[in-house]
Amino acid sequence: MLCPNCQNEISMEAKACPKCGQPILGQSSPKSRTAATLLCLFFGVLGIHRFYVGKTGSGLAQLGLLLFAIFGGGLAIVPMVFGAIAGDMGAFAGGGVAYLAGLASGLILSFWIFVDLIMVICGIIRDKDGRRVDRW
Ligand SMILES: [Zn+2]
Numbered sequence: 000m001l002c003p004n005c006q007n008e009i010s011m012e013a014k015a016c017p018k019c020g021q022p023i024l025g026q027s028s029p030k031s032r033t034a035a036t037l038l039c040l041f042f043g044v045l046g047i048h049r050f051y052v053g054k055t056g057s058g059l060a061q062l063g064l065l066l067f068a069i070f071g072g073g074l075a076i077v078p079m080v081f082g083a084i085a086g087d088m089g090a091f092a093g094g095g096v097a098y099l100a101g102l103a104s105g106l107i108l109s110f111w112i113f114v115d116l117i118m119v120i121c122g123i124i125r126d127k128d129g130r131r132v133d134r135w
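Letter by letter, the sequence shown follows residues 0 to 135 in numbering that gives the first Met the number 0.
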């Protein structure tokens with residue numbers, strides 16, 4: 000087979016290319032499936048399981064969705080309540096839009112974590128080098 004990085008011929012058993020060090024796809028990740036499953040189950044909304052397998056970018060995206068759901072959605076109730084009390088419909092509507100956006104990001108995050116949990120349990124999630132995290 001050929002190294003996907005440098006195109007040198009390498010053995011089928013190689014865990015990494017001897018020429019350039021590129022890890023070879025199809026190999027198991029050294030990361031623990033047990034740890035990834037527990038992290039996703041208990042700290043999934045923080046994106047911790049994605050940081051664990053090295054997917055920092057999507058982990059940060061999940062963390063961002065959580066912060067937006069909490070601060071965008073949660074704190075939006077303040078202008079909504081005070082807007083309603085003071086009869087300021089602009090503040091009420093603005094808070095309402097922020098609340099719905101926060102609610103939407105919370106729902107997107109929940110669905111994403113649910114899909115992640117299934118992928119982690121089934122051992123089909125991949126680490127940053129494209130190797131499956133399939134060893135318990
Ligand atoms: Zn190579």
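Even for Gly, the Cβ is constructed at its ideal location relative to N, Cα and C.
Keep in mind it's a predicted model, so treat the numbers as computed, not measured.
Following the DSSP letters along the chain, one finds Q21 in no alpha helix (DSSP H), marked with neither H nor E. Inclusion of K127 and G63 in the CB contact set at 8 Å is not warranted, their separation being larger than that value.
Placement of the Cβ of K18 at a distance of less than 7 Å from at least one heavy atom of ligand 1 is found.
Here the alpha carbon of D133 sits roughly 9 Å from the alpha carbon of P29. Judged by DSSP secondary structure, Q61 falls within the alpha helix (DSSP H) whose first and last residues are T55 to L66. Counting along the chain, the unbroken alpha helix (DSSP H) around S109 starts and ends at M88 to I120. T36 and D87 have their alpha carbons spaced roughly 47 Å apart. Inclusion of G122 and R131 in the CB contact set at 8 Å is warranted, their separation being smaller than that value. Secondary structure note for F81: its alpha helix (DSSP H) is the uninterrupted segment I76 to A85. L1 is bridged by DSSP to E8. The C-beta distance from Q26 to C2 rounds to 13 Å, too long to meet the 8 Å contact threshold.
In the structure shown, A13 adopts coil according to DSSP, grouped into three states. DSSP lists R131 as the beta-bridge partner residues of R125.
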